[in-house]
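Here is the structure:
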């Protein structure tokens, strides 16, 4: 199979992958202007990235209950007080004028990667969100089964996380619940593009990430962490209140690769969950 085309901003995509998935991704050479801001973010999180080679998983001796002891860089998985995911219960309605979410996504080139923990879609530059007046660039999105966040203790069959990075180095992640129902054509195209063993990640042209957003724009909002090692508490979380529909066959196709890749919910520890 021919090597897939590489999308721009691979260094930024690699860093977000280290932070959220815990595995390293090679960075391609870029110009000085392209790498200046990304290099500052990489330096800021160098200690977190250092533990990326440590093997972790979702069960047994390397499961979530053990993450904090697998490596010194994972310690916050045990000691942190703003960990994710959480149960989105008893949310406080936001007041008029609070918050502010502007999703500025556009169709993009992308590549589909099986990174050993999930199926991840790396996207080209150009899509972003404005959250409470700050700009975050969309880097990648990936999937969990079952959903990591819950509502009143109930999980959904799956959840997709859209990962955005700010120039300052922190992240904003939009979570969308996925319920079993009608098949989703975008999900089908992504599943069909999942590379096999020893295959290069295939390029997906004109992917519209907005097709994976629900019609309603209500959302929960709270401050939290990565849901994978090193569990860094650098994430502004937005979880949409409405879900999207995927078929049971599409859920089963993901489950055949990753039967369970969700961290259990974590204590709120007094954090406020707001409903917009």
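Numbering (this note's numbering), first residue to last: 23 to 298.
Ideal placement from N, C-alpha and C gives every residue a C-beta, glycine not left out.
On a predicted model such as this, the values are computed, not experimentally measured, just so you know.
Looking only at its own chain, which residues have a Cβ that is under 7 Å from the Cβ of residue i, when we skip the five neighbours before and after it?
i, result
"residue 233", "208"
"residue 216", "134, 136 and 141"
"residue 283", "80, 139, 140, 166 and 167"
"residue 200", "178, 179, 180, 181, 182, 265, 266 and 268"
"residue 261", "110, 171, 197, 241 and 242"
DSSP three-state call for residue i: helix, strand or coil?
i, result
"residue 211", "helix"
"residue 127", "coil"
"residue 181", "strand"
"residue 220", "coil"
"residue 282", "coil"
"residue 108", "coil"
"residue 35", "Residue placement at residue 35 cannot be trusted, given a pLDDT of 37 that sits under 50; what the coordinates show is reported in the next sentence. Correct three-state label for residue 35: helix."
"residue 172", "strand"
"residue 83", "helix"
"residue 159", "strand"
"residue 290", "coil"
"residue 232", "helix"
"residue 146", "coil"
"residue 296", "strand"
"residue 116", "coil"
"residue 205", "coil"
"residue 132", "strand"
"residue 60", "Low local confidence applies: a pLDDT of 31 at residue 60 is under 50, so the model's placement there is unreliable, with the coordinate-based value given in what follows. Reduced to three states, the DSSP call for residue 60 is helix."
"residue 66", "The pLDDT assigned to residue 66 is 34, lower than 50, so where the model puts this residue is not dependable; a value taken from the coordinates is nonetheless given after this. Correct three-state label for residue 66: helix."
"residue 187", "strand"
So, is residue i buried or exposed, given that buried needs 16 or more other C-beta atoms within 10 angstroms?
i, result
"residue 4", "It is not possible to answer for residue 4, since the shown part of the chain is limited to 23 through 298."
"residue 150", "buried"
"residue 103", "exposed"
"residue 238", "exposed"
"residue 272", "buried"
"residue 231", "buried"
"residue 288", "buried"
"residue 155", "exposed"
"residue 249", "buried"
"residue 93", "buried"
"residue 211", "exposed"
"residue 101", "exposed"
"residue 197", "buried"
"residue 190", "exposed"
"residue 170", "buried"
"residue 153", "buried"
So, at 8 Å on beta carbons, what are the nonlocal neighbours of residue i in its own chain, with the 5 sequence-adjacent residues on each side left out?
i, result
"residue 296", "113, 114, 115, 116, 120, 121, 242, 243 and 244"
"residue 69", "Model confidence at residue 69 stands at a pLDDT of 31, short of 50, so the residue's coordinates are unreliable; what they give is reported in the following sentence. Around residue 69: 95."
"residue 99", "86, 89, 90, 105, 251, 252 and 253"
"residue 131", "27, 29, 145, 146, 225, 226, 227, 228 and 229"
"residue 294", "114 and 244"
"residue 269", "202, 203, 204, 205 and 206"
May I ask which residues mark the beginning and end of the beta strand (DSSP E) holding residue i?
i, result
"residue 89", "Premise fails: residue 89 lies in the alpha helix (DSSP H), 89 to 92, not in any beta strand (DSSP E)."
"residue 257", "257 to 262"
"residue 269", "It is not in any beta strand (DSSP E) - residue 269 carries neither H nor E in the DSSP assignment."
"residue 244", "241 to 246"
"residue 229", "225 to 229"
"residue 193", "193 to 202"
Could you tell me the boundaries of the alpha helix (DSSP H) in which residue i lies?
i, result
"residue 98", "98 to 101"
Spatial neighbours of residue i within its chain, please: CB distance less than 6 Å, with the 5 preceding and 5 following residues excluded, ordered by chain position.
i, result
"residue 61", "For residue 61, the predicted model reports a pLDDT of 30, less than 50, meaning its position is unreliable; a value from the coordinates is still stated below. No residues qualify anywhere along the chain."
"residue 291", "103"
"residue 174", "111"
"residue 10", "The question about residue 10 has no answer here: the residues shown for the chain are numbered 23 through 298."
Worksheet item: Between the segment 237 to 247 and the segment 97 to 112, do at least 3 Cβ pairs fall closer than 8 Å?
Response: With the cut-off at 8 Å, the segment 237 to 247 and the segment 97 to 112 touch.
Practice prompt. Inspect the CB distances between the segment 260 to 280 and the segment 169 to 182 and report whether three or more fall short of 8 Å.
Written response: Yes, since at least three Cβ pairs between the segment 260 to 280 and the segment 169 to 182 fall closer than 8 Å, the two stretches touch.
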